[in-house]
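Data first, discussion second: the structure below is written as structure tokens.
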Amino acid sequence: MLIYEKDALNAGISHLRPDLNRAMNALGTVSASWRNSGFSAPPGGGRFGVGVLNFSPGWFQRLRDVRLDQLSIIFAANLVPKSQQLKDHLYVSTSLKTEPAASFLRATASVDVISNAITALVAPRQYDFGLAAIERIKNGHHLDSSHPILDSWISVWSGFSVIVNRATPLHRDLGGAPEDFDLLLSSGTHDACNLDVPDLGATLSYHPGTAVAITGRVLQHGVKGWEGGERICQARFMKDAVHDRLGLPKPTWVNYDDYIGLTSL
Amino acid sequence: MALLGVAEWDVSRLSDRVKNRRPRTDADPAEDSDLAKYFINPELGHLDEPCIVMDVHRHIILWYLPGIYALHRVVSTD
Numbered sequence: 008m009l010i011y012e013k014d015a016l017n018a019g020i021s022h023l024r025p026d027l028n029r030a031m032n033a034l035g036t037v038s039a040s041w042r043n044s045g046f047s048a049p050p051g052g053g054r055f056g057v058g059v060l061n062f063s064p065g066w067f068q069r070l071r072d073v074r075l076d077q078l079s080i081i082f083a084a085n086l087v088p089k090s091q092q093l094k095d096h097l098y099v100s101t102s103l104k105t106e107p108a109a110s111f112l113r114a115t116a117s118v119d120v121i122s123n124a125i126t127a128l129v130a131p132r133q134y135d136f137g138l139a140a141i142e143r144i145k146n147g148h149h150l151d152s153s154h155p156i157l158d159s160w161i162s163v164w165s166g167f168s169v170i171v172n173r174a175t176p177l178h179r180d181l182g183g184a185p186e187d188f189d190l191l192l193s194s195g196t197h198d199a200c201n202l203d204v205p206d207l208g209a210t211l212s213y214h215p216g217t218a219v220a221i222t223g224r225v226l227q228h229g230v231k232g233w234e235g236g237e238r239i240c241q242a243r244f245m246k247d248a249v250h251d252r253l254g255l256p257k258p259t260w261v262n263y264d265d266y267i268g269l270t271s272l
Numbered sequence: 008m009a010l011l012g013v014a015e016w017d018v019s020r021l022s023d024r025v026k027n028r029r030p031r032t033d034a035d036p037a038e039d040s041d042l043a044k045y046f047i048n049p050e051l052g053h054l055d056e057p058c059i060v061m062d063v064h065r066h067i068i069l070w071y072l073p074g075i076y077a078l079h080r081v082v083s084t085d
């Protein structure tokens, strides 16, 4: 049986559906940010449901990482996350420390393998620093507390978001260095969709199985909607603050000439 | 079929100018109008074939890889 990566991702989402539902239910109790709005549930909830979940093996604890069902309590206590400092510990994201998340990682391991390979080709230095960061998180003393799920984390990325059946307004992503790429994977079952990148005057056809490596801190990007079926996006990101915390430098810009040079060897 | 798109600005300088703020839904945000004075965007149009986009100094700022996860089978099981 042949298993394609986008199909693996689609299958993996089934493991996450209860957590997606819980997250969406919790959103009804708090004021949602733009990252948690724009959902379009298919009739009957569809195959994948709706929602957003974020996963990371090591990042700075932040408000959105707290269990969504605790948000109302936190708002009531007027708790505001403080600025992160180099001495602060990193945390395994709460969403990753669940059995559904472990099942998802196992089901989508082939997606991680391909994504790592793409990263090594399109952004070699970023790949190197990403790999070093994950190794330091797994082997070092940077985490507040470790977790067995880290053994299943094979990606070189700081984390990823799973976005299900949501339109995304034009935005730039804050977390990465300007030189960093984000790796976006379009999946799901939709028939038509475009990724808009107005800084380039471009609309990219965004069928399931498509990858876009984009310098997302600099270039605005967004998805107005889609036609037919359901839409999933897995967005991989590297957190510049996490790499800084781990003593890693920023990558330099990827240059076209580096590739032209390869062809002349 | 587009294989290579080029923006005639310096991505480092654009990076210094963009403000990362909450997305706005209005059609012509003030920030974009301000940026347009200094950065003339390319008009690459609709893309559906693999391509890369680079800035004026040949820094690659986007890789577009349609169908890459479907074309490359990596797992074969019973």
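Residue numbers (the working numbering), protein chains in the order written: chain A, 8 to 272; chain S, 8 to 85. Even glycine gets a Cβ: it sits at the ideal position worked out from N, Cα and C.
So if DSSP puts residue i in a beta bridge, which residue, or which two residues, is it bridged to?
i, result
"A:ASP189", "A:ILE221"
"S:GLY12", "S:VAL60"
"S:ASP52", "The question names Asp, but residue 52 of chain S is Gly in the sequence shown. DSSP, once it has assigned bridges, lists A:ALA209 as partnering S:GLY52."
"A:TRP66", "A:TYR98"
"A:LEU150", "A:LEU97"
"S:ILE67", "S:MET61"
"A:ASN262", "S:HIS66"
"A:ASN61", "A:SER168"
"A:TRP233", "A:CYS200"
"A:PHE46", "A:ARG173"
Out of the options, which has the shortest C-alpha to C-alpha gap to residue i?
i, options, result
"A:TRP164", "A:GLN241, A:TYR266 and A:GLY53", "A:GLN241"
"A:GLY223", "A:LYS104, A:ARG243, A:GLU234 and A:GLY235", "A:ARG243"
"S:ILE59", "A:VAL230, A:THR270 and A:LEU211", "A:LEU211"
"A:ALA220", "A:ALA116, A:GLY19 and A:ALA124", "A:ALA124"
"S:ASP55", "A:VAL261, A:GLY268 and A:GLY216", "A:GLY216"
"S:PRO73", "A:LYS257, A:TYR213, A:PRO256 and A:VAL225", "A:TYR213"
"A:LYS231", "A:LEU177, A:ILE267 and A:THR270", "A:LEU177"
"A:GLU234", "A:ALA30, A:PRO49 and A:THR259", "A:PRO49"
"A:ASP187", "A:ARG173, A:ALA127 and A:ASN146", "A:ALA127"
"A:LYS246", "A:TRP260, A:PRO205 and A:GLY166", "A:GLY166"
"A:ALA109", "A:ARG143, A:LYS257 and A:HIS22", "A:HIS22"
"S:ASP62", "A:ASP206, A:THR270, A:GLU237 and A:ILE239", "A:ASP206"
"S:LEU11", "A:GLY268, A:LEU269 and A:TYR263", "A:TYR263"
"S:VAL13", "S:ASP23, S:PHE46, S:LEU42 and S:SER40", "S:PHE46"
"A:HIS228", "A:GLY195, A:THR259, A:LEU191 and A:GLY53", "A:LEU191"
"A:THR259", "S:TYR76, S:ILE75 and S:ARG65", "S:ARG65"
"A:ARG238", "A:GLY52, A:ASP26 and A:ILE121", "A:GLY52"
"S:TYR71", "A:ASN146, A:TYR266, A:ALA209 and A:GLY268", "A:ALA209"
"S:ILE67", "A:VAL261, A:LEU269, A:ASP119 and A:GLY268", "A:VAL261"
"A:ALA184", "A:THR115, A:THR105 and A:GLN133", "A:GLN133"
"A:THR101", "A:PHE55, A:ARG113, A:ALA116 and A:PRO64", "A:PRO64"
"S:ASP23", "A:TYR266, A:ASP265 and A:VAL225", "A:VAL225"
"A:ALA116", "A:SER162, A:ASN146, A:PRO131 and A:VAL59", "A:SER162"
DSSP three-state label for residue i, please.
i, result
"A:ARG113", "helix"
"A:PRO155", "helix"
"A:THR196", "coil"
"A:HIS228", "strand"
"S:ILE47", "coil"
"A:GLY166", "strand"
"A:GLY137", "helix"
"A:ASN32", "helix"
"A:ARG71", "The predicted model places A:ARG71 with a pLDDT of 49, which falls under 50 and marks its position as unreliable; any figure quoted below should be read in that light. Reduced to three states, the DSSP call for A:ARG71 is helix."
"A:LEU27", "helix"
"S:LEU72", "strand"
"A:ALA18", "helix"
"A:GLY182", "coil"
"A:PHE82", "The predicted model places A:PHE82 with a pLDDT of 41, which falls under 50 and marks its position as unreliable; any figure quoted below should be read in that light. Here A:PHE82 sits in helix by DSSP."
"S:ALA77", "helix"
"A:GLY51", "helix"
"A:ILE161", "coil"
"A:PRO215", "coil"
"A:GLY268", "helix"
"A:ALA127", "helix"
"A:LYS145", "helix"
"S:LEU42", "helix"
If you follow the beta strand (DSSP E) that residue i is in, where does it begin and where does it stop?
i, result
"A:ASN201", "199 to 204"
"A:GLN241", "238 to 244"
"A:PRO176", "175 to 178"
Considering residue i, what are the terminal residues of the alpha helix (DSSP H) in which it resides?
i, result
"A:LEU103", "A:LEU103 -> no alpha helix (DSSP H), and no H or E assigned at all."
"S:VAL18", "18 to 24"
"A:ARG252", "247 to 252"
Which residues of chain C have a Cβ atom closer than 8 Å to the Cβ of residue i, listed in chain order?
i, result
"A:VAL261", "In the structure shown, chain C cannot be found, because the protein chains are A and S."
For the ligand SAM, any of its heavy atoms closer than 8 Å to the Cβ of residue i?
i, result
"A:ALA18", "Of the ligands one can find in the structure shown there are none, so the ligand SAM has no counterpart to examine."
Okay, do the stretch 145 to 160 of chain A and the stretch 182 to 200 of chain A touch, 3+ Cβ pairs below 8 Å being the bar? Verdict: no, contact absent.
Give a yes or no on contact between the stretch 140 to 151 of chain A and the stretch 92 to 103 of chain A, applying the rule of three or more CB pairs nearer than 8 Å. Because the criterion of three Cβ pairs below 8 Å is met, the stretch 140 to 151 of chain A and the stretch 92 to 103 of chain A touch.
With three or more beta-carbon pairs closer than 8 Å as the criterion, would you say the stretch 133 to 143 of chain A touches the stretch 11 to 28 of chain S? Contact between the stretch 133 to 143 of chain A and the stretch 11 to 28 of chain S is not established, with fewer than three Cβ pairs separated by less than 8 Å.
Any 3 or more C-beta pairs closer than 8 Å across the stretch 48 to 62 of chain S and the stretch 246 to 253 of chain A: When Cβ pairs closer than 8 Å are counted between the two stretches, the stretch 48 to 62 of chain S is seen not to touch the stretch 246 to 253 of chain A, the count staying below three.
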